[in-house]
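Colleague:
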Amino acid sequence: MTLKLGVIGTGAIGQEHIRRCSKVLQGTKVVAVSDINIEGAKGVVSRLGLDAEVYANGHDVIQSSDVDALIITSWDPTHEEYTLAAVAAGKPVFCEKPLALTAEGCRRIVEAEIAHGKRLVQVGFMRPYDAGYRALKQVISNGDIGEPLMLHCAHRNPTVPESYTTDMAITSTLIHELDVLRWLTEDDYKTVQVVFPCDTKNTHAKLRDPQIVLFETQKGTRIDVEIFVNCVYGYDIQCEVVGETGIARLPEPASVQLRKEAKLSTSILTDWKDRFIDAYDVELQAFINDVTAGQLHGPSAWDGYAASVAADACLKAQESGAIEAVELPPRPAFYSK
Ligand code: NAI
Ligand code: ISE
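Those letters in the sequence shown? Residues 2 to 338, per this note's numbering, in order.
Structure (structure tokens):
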């Protein structure tokens with residue numbers, strides 16, 4: 002069976018996902034796309050040589066009888082509306098992060114999915130599919146470093162556009178850590194505080210950069226995450242877990258070591274597309290296989306909601322400067338693993 006996909010949003014990651022679903026992955030093809038920039042969408046279809054219908058309105062893609070499942074890669078504020086429409090149409094949907102802009106928005110999706118009676122939603126949290134994070138989790142769950150006591154993490158982008166604002170450091174960037182660190186430690190957040198070092202001179206008027214986010218988890222682990230989105234030097238994701246008997250670090254991406262001109266060096270990636278290129282392939286192949294087999298297993302609407310509950314507390318902490326509670330209700334049996 003070939004799963005026929007409709008993709009809404011043909012910008013940076015939309016083009017990447019269309020390419021991988023059309024040229025790399027098995028058992029699927031892209032039959033419909035849409036973007037508010039319709040000329041851009043037509044250009045993508047033509048450049049990739051696809052036989053896909055181009056629609057002016059994303060809802061027409063969802064309703065198309067030719068489309069079996071959806072991929073949503075439009076801007077963050079559009080995710081809730083399109084995901085709810087896909088669930089209402091009874092179609093499986095892979096929605097890029099964040100699932101919605103607020104926990105309340107995610108909750109509406111959770112409730113719609115539960116009312117439908119079967120999982121339809123996978124959130125585009127790709128890091129649990131990354132070989133490095135998987136190896137790190139294995140070390141922790143083997144007990145190789147004892148109980149995790151502290152995590153030191155960093156999420157650095159070389160630069161962001163002027164449209165990127167202080168809150169987006171949480172809702173668009175930290176949201177990856179909010180998901181992957183829950184998954185890694187099998188724990189939930191209890192409190193959060195956000196502190197602002199001196200701003201870099203490379204930031205913009207509407208962005209405090211860098212930021213440090215400090216968590217205490219339910220089990221008492223302390224986590225610090227540096228978010229630095231105008232770090233200039235590269236795209237750099239760090240995660241160090243300090244346990245009772247040792248320290249485990251997320252592996253660096255493979256890169257040739259150079260000995261030259263009295264220097265020992267390795268390159269640092271500069272683009273998120275390259276850093277997690279394999280993880281994106283694996284997450285989407287898993288979505289395609291699971292939809293075809295009739296049962297989703299990847300990051301759920303509940304995971305999207307849990308990350309957004311923490312994100313809302315981070316936003317409050319950005320404003321207050323205080324330690325804020327993260328209050329995640331119990332997970333419904335519908336999402337039990
Ligand atoms: P982008 O700005 O390059 O592309 C977004 C596209 O959505 C644009 O072409 C825009 O015209 C279109 N769009 C906006 N509103 C729309 C609407 N109502 N209907 C249809 N199309 C609409 O942005 P980018 O970087 O591709 O990000 C897209 C989404 O993917 C964002 O939600 C972002 O958070 C997420 N993302 C996830 C990444 C990951 O690592 N998982 C990496 C980059 C982005
Ligand atoms: C972007 O939307 C992503 O998801 C990237 O993975 C992240 O590094 C970046 O900060 C976000 O803006």
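For glycine and all other residues, C-beta sits at the position ideal for the given N, C-alpha and C.
Could you check whether the Cβ of T267 sits closer than 7 Å to any heavy atom belonging to the ligand ADP?
Modeller: As for the ligand ADP, it is missing from this structure, which binds only the ligand NAI and the ligand ISE.
Colleague: Should K207 be listed as close to the ligand ISE, given that the test is whether its C-beta is under 7 Å from any heavy atom?
Modeller: Flag unset: Cβ of K207 not near the ligand ISE.
Colleague: When the Cα of Q123 is compared with those of M169, M151, Y281 and L316, which residue comes out closest?
Modeller: Measuring from the Cα of Q123, the nearest candidate turns out to be Y281.
Colleague: What is the rounded straight-line gap between the Cα of E325 and the Cα of I213?
Modeller: Their backbone Cα atoms lie some 14 Å apart in a straight line.
Colleague: How about G7 and S66: are their beta carbons less than 8 Å apart?
Modeller: Taking 8 Å as the Cβ cut-off, G7 and S66 do not qualify as a contacting pair.
Colleague: Taking just the CA atoms, how far does T186 sit from K43?
Modeller: The straight-line gap from Cα to Cα measures roughly 43 Å.
Colleague: With DSSP as the reference, label D225 as helix, strand or coil.
Modeller: It is a strand residue.
Colleague: With a threshold of 6 Å on Cβ separation, who are the neighbours of G125 within its own chain once the five nearest residues in sequence on each side are excluded?
Modeller: Correct list, in chain order: E97 and K98.
Colleague: Going by DSSP in three states, Q139 sits in which element: helix, strand or coil?
Modeller: In the structure shown, Q139 sits in a helix (DSSP, three-state: H, G or I).
Colleague: Nearest to G147 by CA position, among I248, L4 and V25, is which residue?
Modeller: Measuring from the Cα of G147, the nearest candidate turns out to be I248.
Colleague: So does W273 have its beta carbon nearer than 7 Å to some heavy atom of the ligand ISE?
Modeller: Yes, the beta carbon of W273 sits closer than 7 Å to at least one heavy atom of the ligand ISE.
Colleague: Thinking just about the alpha-carbon of each residue, which of S173, V88 and L26 is nearest to the one in D279?
Modeller: It is L26.
Colleague: Following a CB-centred definition, is G235 positioned closer than 7 Å to any heavy atom of the ligand NAI?
Modeller: No; taking the cut-off as 7 Å, the Cβ of G235 has no heavy atom of the ligand NAI nearer than that.
Colleague: Could you compute how far the alpha carbon of T271 sits from the alpha carbon of A116?
Modeller: Cα to Cα, the separation comes out at about 43 Å.
Colleague: For the alpha helix (DSSP H) that contains T218, what are its first and last residues?
Modeller: Run containing T218: none in the alpha helix (DSSP H); it sits in the beta strand (DSSP E), Q212 to T218.
Colleague: So, does the CB of R21 fall closer than 8 Å to a CB anywhere in chain D?
Modeller: Here there is only one protein chain, and chain D is not present.
Colleague: Cβ of G28 within 8 Å of Cβ of L4?
Modeller: Cβ distance < 8 Å, so G28 and L4 count as in contact.
Colleague: Can the beta-carbon of C107 be found closer than 8 Å to that of N158?
Modeller: No. Outside cutoff.
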